[in-house]
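*Asks:*
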Amino acid sequence: MTDSAPRAPLLKGVVLRDEGSQLVVDVGGEERACSIRKTLRRKTGKRRKPVAVGDRVHIEQSGEGFAIVAVEPRQGVLSRPDPSQPRREQLLVANLDTVLVVAAAKRPDFVPNLIDRFLVAAESRGLDIGIVINKTDLDPDRSYAVFTDTYRELGYDVFEVSATDGTGVEDVRTYLTDRTTSLLGHSGVGKSSLANALDESLKIRVGDVQQQSGKGTHTTTTVSLLRLPWGGYLVDTPGIREFGLWNVEIADIGLWFREFAQRADDCRFNDCLHENEPQCAVTAAVAAGAIQQWRYDSYAALLAGFRRDAKPNY
Ligand SMILES: Nc1nc2c(ncn2[C@@H]2O[C@H](COP(=O)(O)OP(=O)(O)O)[C@@H](O)[C@H]2O)c(=O)[nH]1
Ligand SMILES: [Mg+2]
Ligand SMILES: [Zn+2]
């Protein structure tokens, strides 16, 4: 027999979850449980899975089920040190392109320093960044505006929303369209509420990794994607620990403060940390009021944390 059976057409999809022996793939809104074609494993060997959550894959009908037969090249990955072998990289999610940093206008208090930490972690990974100020219903005077004005000047997309009364939620929906986004923010700021306000089918645990992985439990962080009905995906889980600074040199931190990076070429020393060095363009700009003191304070706090702990987890 020279003729093989006619091949089923290739389907394209995005891996939503890894369920061990199978991966669940979103194929145009339908979830398909897929195995991995053996030939794919030749690339990575037996120990590593050739397919990750977030991968764009091609699948074929295979007997009763479906098989992943190809993985499209990844556009970046979110990884962390492998908990069992800290020198190895563990891939958490492929093709993440956007981080939405969520803070509350009040309850808990608005602390720009915390936002800056998340911004730096996202900047260091080259991700697009949006900032959501939630619970604006609790602060009609917009006392956070002095900070959000600066973030906007720096080029960040800032959304002022209330998950409770729906203000601003439509703009966030639009922003998320056709992106793969992780919500990042401290407990209680309203990540789950925001996700539910975006779409009630999301019924979310988004961002609740800390609560789920209580102390002492051995949680293998399972990352999954939630499909946004209007296009795009939300990452369900990776939390604060996965977004720590990793593989970072202290001298890099200033690069991720956009207004510092613009000026650092004018510092006298190439390796200026913008502390007490002479002829530092950054501290000069702070003194002149061209860089906000609170942004500089965030930077100084990050440096201090970095020195205290070579592997900070924020
Ligand atoms: N007033 C107000 N409360 C909110 C808003 N969004 C969330 N909350 C409340 O804040 C608390 C924490 O919200 P949650 O979504 O669980 O935060 P998460 O820990 O970031 O997921 C809950 O009591 C919510 O009802 C909002 O826009 N306005
Ligand atoms: Mg939550
Ligand atoms: Zn400097």
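Read in my numbering, the sequence shown has 285 at position 285, and its numbers run on one by one without any break.
Yeah, the Cβ is synthetic: ideal placement off N, Cα and C, and Gly gets one too.
1. Report the residue from Arg-41, Ile-133, Gly-28 whose alpha carbon sits nearest the alpha carbon of Pro-108.
2. Compare the beta carbon distance of Ser-79 and Leu-92 with 8 Å and say whether it is the shorter of the two.
3. Select from Ile-68, Thr-136, Tyr-299 the residue whose C-alpha is nearest the C-alpha of Ser-158.
4. Would you decide whether Tyr-299 is buried or exposed? Buried here means 16 or more other CB atoms lie within 10 Å of its CB.
5. Would you mind sorting Glu-259 into buried or exposed? The rule is 16 or more other CB atoms within 10 Å of its CB.
6. How would the residue list near ligand 5 read, in chain order, if you kept each one whose beta-carbon is closer than 5 Å to any heavy atom?
7. Nearer than 7 Å: is that true of the beta carbon of Ala-103 relative to any heavy atom of ligand 1?
8. Glu-170 by DSSP, collapsed to three states: which one?
9. Alpha carbon to alpha carbon, how far is Val-59 from Cys-34?
10. Using only the heavy atoms of ligand 2, determine whether one of them is closer than 7 Å to the beta carbon of Ser-192.
11. Of all the options Glu-200, Pro-81, Leu-16, Gln-75, which has the alpha carbon lying nearest to the alpha carbon of Gly-166?
12. Measuring straight from C-alpha to C-alpha, what distance separates Val-373 and Asp-128?
13. Let me know the secondary structure DSSP gives Tyr-315 once reduced to three states.
14. So which of Gly-65, Leu-16, Asp-82, Ser-62 has the shortest CA-CA distance to Val-51?
15. In terms of alpha-carbon separation, which member of Val-223, Tyr-144, Asp-149, Phe-147 lies closest to Leu-183?
16. Within 7 Å: the Cβ of Ser-182 and any heavy atom of ligand 1?
17. Starting from Glu-259, trace the alpha helix (DSSP H) in both directions and tell me its first and last residue.
18. Answer with buried or exposed for Asp-228, where buried requires no fewer than 16 other C-beta atoms within 10 angstroms of its C-beta.
19. Can you have a look at Leu-10 and say buried or exposed, based on whether 16 or more other CB atoms are within 10 angstroms of its CB?
20. With a CB to CB cut of under 6 Å and the five nearest residues on each side skipped, what residues in its chain are close to Glu-392?
21. Is there at least one non-hydrogen atom of ligand 1 closer than 7 Å to the beta-carbon of Ala-163?
22. Taking only the alpha-carbon atoms, compute the straight-line gap between Cys-272 and Gln-61 and give it to the nearest angstrom.
23. Going by DSSP in three states, Ser-35 sits in which element: helix, strand or coil?
24. Tell me which residues share the same chain as Val-14 and place their Cβ nearer than 6 Å to its Cβ, disregarding the 5 neighbours each side in the sequence.
25. My guess is that Thr-180 and Gly-54 are in contact by the Cβ rule of under 8 Å, so how many angstroms apart are they, rounded?
*Replies:* The relevant details are as follows:
1. Ile-133
2. yes
3. The sequence given here places Val at residue 158; Ser does not occur at that position. Among Ile-68, Thr-136, Tyr-299, the Cα nearest to that of Val-158 belongs to Thr-136.
4. buried
5. buried
6. Ligands in the displayed structure: ligand 1, ligand 2 and ligand 3; ligand 5 is not one of them.
7. no
8. helix
9. In the sequence under discussion, the amino acid at residue 59 is Ile, which differs from the Val named in the question. Cα to Cα, Ile-59 sits roughly 8 Å from Cys-34.
10. yes
11. Glu-200
12. It is not possible to answer for residue 373, since the shown part of the chain is limited to 1 through 314.
13. Here the chain has residues from 1 to 314 only, and residue 315 is not among them.
14. Leu-16
15. Val-223
16. no
17. 258-261
18. Note on identity: in this sequence residue 228 is Leu, with Asp being the wrong assignment. Per the 10 Å Cβ criterion, buried.
19. exposed
20. Absent from the structure is residue 392, since the part of the chain shown begins at 1 and ends at 314.
21. yes
22. 57 Å
23. strand
24. Asp-26, Arg-56
25. 6 Å
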